[in-house]
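One structure is given here, and the rest of the page talks about it.
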């Protein structure tokens, strides 16, 4: 890609998580040149985390053997509702933040323009541009990890609704009077298929005397990670199979609702659980999706597991940063 | 509103239904000047229905003491999936139509530009412009009658997705393995809260020996209309109360999903059932909505029963027609 500006066009994408910060330096063609990762240390408060974000950006730039004056802009994804115009976090439950300004302090420390968005919005943008080459105008992203988040690209634009709160696919209710969700409501998709819900079901079964290799793999079930579920599946663990297939069914149901409602060209699944056991879930997901979608409405619709993995967020951050400097 | 063109700026909106056709003549300020209504006679086939649409348009114009040469354009809502670019009906189950061209034949017969859209898309446009004065950029419309349809205005534009099939709120699955829906799937919102579902529940209860004034009001329960439900509620009928409150709960759940997913400024309810018994449903709808929505995400969101009633469709048709001639 030809540079129209004498200043090299590099962009940094940052994915701020509850436990870690990941930053990636991308060139103008969105090729990843270097990454850095540090812990978030959310308990130290917003100012400390802001400084850690800045440190992580500098580390990624250094990792690519570049200097900050070669970076045009930074795009940051945050796990919560974000006002992108003000560059403020409205509410980020995993960080314990309400009303935290990020854009201005980071701009001041780094000396480049910064844009801030919800992490799932950023991730779906990363998938649309980095993985799907920007072709589809309507993309729905569903990211399943500890919780479940989503991002919507509609009519070619990131859609965040009136209150910057759209895309909360994890809190789509799939069952009247279903299991309690962390958000306070009942029967949410996240409370039926997120990793926390999966752990809860496994613990309940184990308490009821059911056997599982997970108790051999892990000393403490509360430390369950998605990779442990993959190991258990590979060892033919019946309980894990059943719980994962249930989660897959609810995932298929959620995708059916999204297909019926939004009729996108592409629905993409990502997040830690999908990276670890998405291949094992896919058949049941597709079957349930088919059973609950309007006849014909899946024609021409692509359902895929994201290949970007951890890099969806940083790629999307770089896309936002590039949009900002155009 | 000043006319910038010497030709008077009148527009006709048409709502094509399974049993009747309604047309309205609107002036350039979208004030309704005359209406006409005739039966659809779908069994006579697409060509006959097309001629009846044309007759209904001419009748509405005549009703307003005007002539066709004072009409700039016609906007038509059709109960099915529509390709608005080609002006063709892709699939309209209630009419038994697949691949029926409407735009060109009507343009030929009337001599004015015609645009065709899905009826619920047209209705939500009617509400946004005619009732909400075009202010909100994100509006979700849910229309509950025999079935349940929806329309989405997102980022200020009508959203119909990749396959012109978006907005199928009635086929959002709210219950895994729920009651069978007419679309072939199970647990759809329509199969839980549409008038056909309500009738089914009443018939099952009556077969089981339950008493209801509906059997006094109607000779044949299969002829149940929304107005009969209103009469039964006013007479304190316990069965009707229970069934309507159940429908209200599922409506609240569906609205919660839409709020969590799309975070619009306004969610509007319309359609025959809502016109008849919406006031009686509203409290339960709002309570369930509140119970299933993310904390804070209802802040600033308006939930309303449409005041346009039957006129949402023809108003939206006129809005489309006006857009076409601008």
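Chains as they are written, first to last, in the numbering used here: chain B, 685 to 1010; chain A, 685 to 1010. C-beta: ideal position from N, C-alpha, C; glycine also.
Is the Cβ of residue i closer than 7 angstroms to any Cβ of chain B?
i: residue 838 of chain A; result: yes
i: residue 852 of chain A; result: yes
i: residue 822 of chain A; result: yes
i: residue 630 of chain A; result: Because chain A is modelled from 685 through 1010, residue 630 of chain A falls outside the range shown and cannot be assessed.
So, with DSSP's three-state summary, where would you put residue i?
i: residue 802 of chain A; result: strand
i: residue 959 of chain A; result: helix
i: residue 704 of chain A; result: strand
i: residue 760 of chain B; result: strand
i: residue 909 of chain B; result: coil
i: residue 825 of chain A; result: strand
i: residue 688 of chain B; result: Unreliable positioning characterises residue 688 of chain B in this predicted model, as indicated by a pLDDT of 44, which lies under 50. The coordinate reading is nonetheless provided below. Coil at residue 688 of chain B, not helix or strand.
i: residue 864 of chain A; result: strand
i: residue 716 of chain B; result: strand
i: residue 817 of chain A; result: coil
i: residue 1001 of chain A; result: helix
i: residue 787 of chain B; result: helix
i: residue 767 of chain B; result: strand
i: residue 991 of chain A; result: coil
Answer with buried or exposed for residue i, where buried requires no fewer than 16 other C-beta atoms within 10 angstroms of its C-beta.
i: residue 900 of chain B; result: exposed
i: residue 933 of chain A; result: buried
i: residue 851 of chain B; result: buried
i: residue 696 of chain B; result: buried
i: residue 914 of chain B; result: buried
i: residue 749 of chain B; result: exposed
i: residue 732 of chain A; result: exposed
i: residue 996 of chain A; result: buried
i: residue 861 of chain A; result: exposed
i: residue 713 of chain A; result: exposed
i: residue 728 of chain A; result: exposed
i: residue 787 of chain A; result: buried
i: residue 751 of chain A; result: exposed
Look at the alpha carbon of residue i and the alpha carbon of residue j, and state the distance between them as a whole number of angstroms.
i: residue 918 of chain B; j: residue 957 of chain B; result: 15 angstroms
i: residue 710 of chain B; j: residue 759 of chain B; result: 11 angstroms
i: residue 820 of chain B; j: residue 898 of chain A; result: 51 angstroms
i: residue 812 of chain B; j: residue 818 of chain B; result: 5 angstroms
i: residue 789 of chain A; j: residue 806 of chain A; result: 20 angstroms
i: residue 980 of chain B; j: residue 757 of chain B; result: 43 angstroms
i: residue 1005 of chain B; j: residue 886 of chain A; result: 58 angstroms
i: residue 906 of chain A; j: residue 880 of chain A; result: 9 angstroms
i: residue 940 of chain B; j: residue 969 of chain B; result: 10 angstroms
i: residue 967 of chain A; j: residue 876 of chain B; result: 28 angstroms
i: residue 855 of chain B; j: residue 785 of chain A; result: 40 angstroms
i: residue 719 of chain B; j: residue 1001 of chain B; result: 13 angstroms
i: residue 799 of chain B; j: residue 972 of chain B; result: 38 angstroms
i: residue 984 of chain B; j: residue 949 of chain B; result: 7 angstroms
i: residue 834 of chain A; j: residue 794 of chain B; result: 47 angstroms
i: residue 870 of chain A; j: residue 943 of chain B; result: 15 angstroms
i: residue 745 of chain A; j: residue 738 of chain A; result: 11 angstroms
Would you say residue i lies against chain A (beta-carbon separation less than 7 angstroms)?
i: residue 863 of chain B; result: no
i: residue 995 of chain B; result: no
i: residue 847 of chain B; result: yes
i: residue 779 of chain B; result: no
i: residue 874 of chain B; result: no
i: residue 729 of chain B; result: no
i: residue 726 of chain B; result: no
i: residue 964 of chain B; result: no
i: residue 946 of chain B; result: yes
i: residue 867 of chain B; result: yes
i: residue 889 of chain B; result: no
i: residue 900 of chain B; result: no
Could you tell me if the beta carbon of residue i falls within a distance shorter than 6 angstroms of some heavy atom in the ligand GDP?
i: residue 813 of chain A; result: The ligand GDP is absent from the structure shown, which contains no ligands of any kind.
Where the stretch 799-820 of chain B meets chain A: residues whose CB sits under 9 angstroms from a CB there: 820
Near-chain B residues of the stretch 972-993 of chain A - C-beta to any C-beta below 8 angstroms: 975, 976, 977, 978, 979, 980, 981, 983, 984 and 985
Residues from the stretch 908-931 of chain A in contact with chain B, defined by Cβ distance under 8 angstroms: none
Chain A contacts from the stretch 736-765 of chain B (Cβ-Cβ distance under 7 angstroms): none
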